[in-house]
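Chemist:
So this is what it looks like as structure tokens:
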């Protein structure tokens, strides 16, 4: 392939120009997403039931959904969480299941559940899998501020803004938060109803039929039969005059029992900005739409929408994933440019030629353009993860080009030989081309091997599942794509560019000789590399020769260093982390959670106390808050100038001061401090010890948890032990007001459960609305009693209800009201209940882990119950197994590729011994930097394994090549062709084949081969390692205002640490190890022959003929 490209430079340039044109064409059309689109075999079913307790949610919604899920084909795992007001069921399928077909089948099975849902519960929504880290992320949200009230502002937003947003390209839907929807309230006087013996259900039935269609008959016109229906026109006056009941010949109309007023439903959200009530609009983009493009479209369209409004209002963008993604991409571009600049300087210093450096750097750009073209034509999304992958592998892309360049550069002596032979420039050009082809061909095997080992290492990612697959499979795809592109560039474009941009200019500078080449034999003799076994070796070769003689001095300390790293550094000194978390923006955030059942208005009032403490907000800062149910979130964002002032710290201290004075609430404050502030019964896992308990009976599991907590609490090193739910910000327990119905008493008084529940809901003003056509518009209607706004829960039992026979019954005779603590959430995994125990252990990490292990081992577990350590950030046991399997498979795939290409089993094992040399650098890097060894660091090991073996492959392949050239020089002919089993083939010879030489010199020649091979590959190894390290180093530099680490930081740290240690140790460790291994192999062969001698049959002389 290389020979064809070099001999047809115009064709080569056209091919690569086509790739550039395709890249330019594809770049603006690429799908740019915040997150990768990975079709994971997991679906989530979410159902809302406002006001319901976790137990009610589980009994009425979650369990029926679990039963229906069990009937779907291919289900592998079901995890459900029931919390106040919400049910969430995550369904994981087998890898071979078609997720689209599974979605259809699951929808069908949920049909029965939808028909039997409790009143006021939402329909189950079937959603794709989204990690917990992104559940609350909206694509684009903006606030609308106006002089109008929040309720009026919401109605205007629904009427004027939503239709215009949906008309914008790429927008799928939008929802309005804040304010309340309008409705008509029918306020009934409860005393009059009791006086006239009329029930609220009668009133509802009469009003509901006002706008019903009534058949009026059939007419025939022009041979067609047409149905005629009548519907009364309903307005406020018609409602007031509606006949709702008849008693003793008297007709009772609605105005006699109550009134109809235009009102608003109870608010679900409160949204405020800088202390003022506003309405917030969240926009969803279409699947597959370009995130940045849709964001730009929205930002361009909002001013026009604002100008078209019939009222005064202003917009403010609160959250913009497109802008955040654009900033990330710009940051990556800056990092990439910094990497290119540093690589250019490094190569310029090493090669001392700007032209060569420019050619090598250009190979990165070609590889990236080819990769982006492949992304477009294979419909792969370009996102934060894939771009990170391309940036991470800049150094790897450069390695292949450097190896080609170094191999060709070492053959420059061929041009000197051509000069000595007084060849013409035309002949010298042939020598230059052959020199380039031969140099490229020399490194085909190591480049192919190193590239394939890197690619197959990432092939193990296909076995990842869940959120690991979401984040790291696209990373593997981008790295593999770039490596394949770099292979094409190294073997196709680099030789042509070196020939035209470098070699030809060298030839032109030489004098034009009189001689021409005397056939291919002379050409090959000039270009072919022949070892000079009689020449004096340089100091570097002598040093590597001495290292082989002193293998018994070098190897034990290196082995001891590796053992120390695995036995002491990693277990005791490296901080273990869990799943990588997206970095938090540098902002002040407060999360407030009131006791379960707290009205949203009371929650908003409590949050207002924090807001008032910060008002007035200075220019350059913005305070936004959202209240929903019993939860609220407050954010304060600062511009760059204010971040450098005392405002952030002052505001944080003010929030903490109010939080300290607030009782009965859970509060979390983050930002502008090393540690977050916690208060209240949160059940997150902020403490350093966590164990997971599962079982089929919740009561037994509770008893196990309580007994374990009692035992844990006896240790003086344990603090803040508690039961947790396993999710961030969930409460362990909350209070619930329970209404218990006496069904026998109901039957005795001729009342039904529906009548009783409806009456209680109307007492509390939370009756279910229905819809009617009022004044030509579809309007929501709701019944309520006149004292529903002022009634207290404690007064409910003292009220009376009237049955159909006019009998008045006190509610206290029918129900019992009591307040009791309940779990904040209920988690089940494959129909087994799950609980977490969390505590803070005071001591070293080794002591903590030993204490957790002893605690887990000491818990008595009934059959079917499990107890295990749960790592922080909620690494599950399955995820731990996935990571271990990924690393094992990466090593296995690397071994198989090397074994296949080397046609040997022993050499790949020798190469894999370089992996422990890299691990010691990884451990030391994380120990010295106090970084957390999280999922990105472990994934970085896969990248590291693919890189580290590259250096070992370069050395081992060169050792074999040097040994083969020595055999050829000593024995003459072509030993590799002669050793082949079949004619026309070649058998690759290596150091072990030097046994064919006399025993007196073969050991010396083996050392010479190893020392010369190390010296030749030294520059390549140092250059490729340096470029990879330099390419990764800028990823460790922190930019922007984010708190935490980006996905590439620990990945880069593990790769850099491992590569530094392995580069140094491999040069010290592998040459003597290879020499020792070959010598040991020779000894074992001689020993084997010695063992066979006694068993070999002795040849007997032929018997002499008998003389007659």
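Residue numbers (the UniProt record's numbering): 1 to 1108.
Each residue gets a CB set at the ideal place from its N, CA and C atoms; glycine is no exception.
Being a predicted model, the structure only gives us computed values, none of them experimental.
1) Can you tell which of 89, 195, 119 and 72 has its C-alpha closest to the C-alpha of residue 98?
2) For residue 525, is the classification buried or exposed, using 16 other Cβ atoms within 10 angstroms of its Cβ as the cut-off for buried?
3) How would you write the range of the alpha helix (DSSP H) that residue 508 sits in, first residue to last?
4) Please give the ranges of any beta strand (DSSP E) in the segment 798-840, keeping only runs that are unbroken, at least 3 residues long and fully inside the region.
5) How long is the line joining the alpha carbons of residue 718 and residue 1051, rounded to whole angstroms?
6) With DSSP as the reference, identify every bridge partner of residue 316, one or two as the case may be.
7) Roughly how many angstroms separate the alpha carbons of residue 777 and residue 235, rounded to a whole number?
8) Give the range of the alpha helix (DSSP H) segment to which residue 909 is assigned.
9) At the level of alpha carbons, what is the spacing between residue 67 and residue 691?
10) Would you mind giving the Cβ-Cβ distance between residue 15 and residue 161, rounded to the nearest angstrom? I have them listed as a contact below 8 Å.
11) Look at the alpha carbon of residue 378 and the alpha carbon of residue 371, and state the distance between them as a whole number of angstroms.
12) Extract the residue ranges of the beta strand (DSSP E) inside the segment 561-615, only unbroken runs of 3 or more that lie entirely within it.
13) Following the continuous beta strand (DSSP E) through residue 177, name the residue where it begins and the one where it ends.
14) Starting from the C-beta of residue 440, find all residues in its chain whose C-beta is less than 6 Å away, skip the five residues before and the five after it, and write them out in chain order.
15) When the Cα of residue 120 is compared with those of 65, 167 and 49, which residue comes out closest?
16) In this structure, what does DSSP give as the bridge partners for residue 221?
17) By the three-class DSSP mapping on this structure, what secondary structure does residue 770 have?
18) Would you identify the three-state DSSP class for residue 265, choosing helix, strand or coil?
19) Kindly indicate which three-state DSSP category residue 186 falls into: helix, strand or coil?
20) Check whether the segment 355-367 and the segment 176-191 touch, using three or more Cβ-Cβ pairs below 8 Å as the test.
21) So what does DSSP say about residue 250, is it helix, strand or coil?
22) In this structure, does DSSP put residue 428 in helix, strand or coil?
23) Whole-angstrom Cβ separation of residue 215 and residue 200, contact assumed at under 8 Å?
24) Have a look at 385, 648 and 146 and flag the residue whose alpha-carbon is nearest the alpha-carbon of residue 474.
25) Between residue 1009 and the rest of its own chain, which residues show a CB-CB distance below 7 Å, the 5 nearest in sequence each way excluded?
26) Pull up the distance between the alpha-carbon of residue 695 and that of residue 846, whole angstroms please.
27) What would DSSP say about residue 422, mapped onto helix, strand or coil?
28) Just to confirm my understanding: we take residue 1041, look at its own chain, exclude 5 residues before and 5 after, and list those with CB closer than 6 Å. What are they?
29) Curious, which full-length alpha helix (DSSP H) runs of at least 4 residues does the segment 433-470 contain?
30) My output table needs one value for residue 199: the three-state DSSP class, helix, strand or coil.
31) Determine the closest residue to residue 1072 out of 1084, 661, 554 and 19, with distance taken between C-alpha atoms.
32) Using beta-carbon positions only, say whether residue 450 and residue 953 come within less than 7 Å of one another.
33) Can you name the start and end residues of the beta strand (DSSP E) that residue 651 belongs to?
34) Nearest CA to the CA of residue 590: which residue from 545, 628, 636 and 598?
35) Which same chain residues, not among the five before or five after residue 955, have their C-beta less than 6 Å away from its C-beta?
36) Checking the sheet assignment: what are the DSSP bridge partners for residue 128?
Modeler: With the structure as the only source:
1) 72
2) exposed
3) 504-508
4) 800-802, 808-810, 815-823 and 825-829
5) 33 Å
6) 143
7) 10 Å
8) 906-912
9) 28 Å
10) Not confirmed; about 51 Å, so no contact.
11) 10 Å
12) 588-593
13) 171-177
14) 2, 404 and 495
15) 49
16) 224
17) Here residue 770 sits in strand by DSSP.
18) In the structure shown, residue 265 sits in coil (DSSP, three-state: anything other than H, G, I, E or B).
19) strand
20) no
21) strand
22) Helix.
23) Incorrect: roughly 29 Å between the Cβ atoms, too far for contact.
24) 385
25) 959, 962, 963, 966 and 991
26) Rounded to the nearest whole angstrom, the CA to CA distance from residue 695 to residue 846 is 29 Å.
27) coil
28) Because the pLDDT of residue 1041 is 49, which lies under 50, any placement of that residue in the model is unreliable, and the number read from its coordinates should be weighed accordingly. Cβ within range, chain order: 586.
29) 444-459
30) Look at residue 199 here: in three-state DSSP terms it is coil, with no helix or strand label.
31) 554
32) yes
33) Careful: residue 651 lies outside any beta strand (DSSP E), inside the alpha helix (DSSP H) at 647-660.
34) In this structure, 636 is the residue among 545, 628, 636 and 598 with its C-alpha nearest to the C-alpha of residue 590.
35) 1017 and 1070
36) 43
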